[in-house]
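J.:
Numbering (the numbering used here), first residue to last: 13 to 144.
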């Protein structure tokens with residue numbers, strides 16, 4: 013993978029951290045933890061869309077296959093970071109981390125991972141069709 017894919021993911025990571033800070037210091041104080049999580053996930057998807065769209069416009073994937081590779085690379089980096097950082101650095105137990113994947117309990121985290129994986133392909137398809 014080219015270094016710019018890693019740099020783009022680091023930008024996504026920074027956006028995610030800013031989104032988390034936004035949740036903690038604003039609406040997270042006024043709504044339940046679940047509602048704050050859900051709203052934060054939706055905001056994250058929108059913010060990631062802006063970043064990924066810009067990335068695809070600046071450095072368009074040369075093929076659909078490359079777009080999928082980029083998205084899957086970012087998704088894997090995200091999952092690895094989440095589990096390693098939040099378990100070993102932040103001290104969250106594995107059960108808490110795994111609970112974020114339970115959509116039947118209202119957790120929307122898997123939607124972010126799916127979006128990160130598919131967004132490069134989605135935006136590259138729109139770009140190729142002349143959409144801006």
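Note that the Cβ used here is the ideal one computed from N, Cα and C, for glycine as well.
1. Would you be able to state if there are at least three C-beta pairs under 8 Å between the region 125-135 and the region 57-75?
2. Could you give the first and the last residue of the continuous alpha helix (DSSP H) run that contains residue 52?
3. To the nearest whole angstrom, what separates the beta carbons of residue 113 and residue 121, a pair I think is in contact under 8 Å?
4. Just the Cα atoms here: how many angstroms apart are residue 92 and residue 99?
5. For residue 42 versus residue 79, is the C-beta spacing smaller than 9 Å?
6. What are the start and end residues of the alpha helix (DSSP H) that includes residue 31?
7. Let's test the definition: count the other Cβ atoms within 10 Å of the Cβ of residue 69 and tell me whether it reaches 16, buried, or not, exposed.
8. Below 8 Å on the Cβ atoms is my guess for residue 7 versus residue 71; work out the distance and round it to an integer in Å.
9. Measuring straight from C-alpha to C-alpha, what distance separates residue 73 and residue 28?
10. Label residue 135 either buried or exposed according to how many other C-beta atoms from any shown protein chain fall within 10 Å of its C-beta, with 16 as the threshold for buried.
11. Would you report the Cα separation of residue 118 and residue 81, rounded to the nearest angstrom?
12. In angstroms, rounded to a whole number, what distance separates the CA positions of residue 96 and residue 75?
T.: According to the structure shown:
1. yes
2. Here the question's residue 52 lines up with position 40 in the chain shown. That run of the alpha helix (DSSP H) goes 45-70.
3. Within the chain shown, the letter at position 101 stands for residue 113. Within the chain shown, the letter at position 109 stands for residue 121. Contact flag correct, Cβ pair sits at about 6 Å.
4. Counting from one through the chain shown, the residue named residue 92 turns up at place 80. Counting from one through the chain shown, the residue named residue 99 turns up at place 87. Residue 92 and residue 99: Cα-Cα distance of roughly 11 Å.
5. To locate residue 42, count along the chain shown from 1; it is residue 30. To locate residue 79, count along the chain shown from 1; it is residue 67. No, the pair does not count as a contact, with Cβ atoms beyond the cut-off.
6. Working through the chain shown from its first residue, we reach residue 31 at position 19. Its alpha helix (DSSP H) spans residues 15-37.
7. By 1-based counting over the chain shown, the position of residue 69 is 57. Burial call: exposed.
8. No statement about residue 7 is possible, as the shown extent of the chain runs from 13 to 144 and does not include it.
9. What you label residue 73 is simply residue 61 of the chain shown in a count that begins at 1. What you label residue 28 is simply residue 16 of the chain shown in a count that begins at 1. Rounded to whole angstroms, residue 73 to residue 28 spans 23 Å at the Cα level.
10. Stepping through the chain shown from its first residue, residue 135 is reached at position 123. Buried, by the Cβ-count rule.
11. Start at 1 with the first residue of the chain shown, and residue 118 comes out as number 106. Start at 1 with the first residue of the chain shown, and residue 81 comes out as number 69. Taking the straight line joining both Cα atoms gives about 29 Å.
12. Within the chain shown, the letter at position 84 stands for residue 96. Within the chain shown, the letter at position 63 stands for residue 75. C-alpha separation (whole angstroms): 32 Å.
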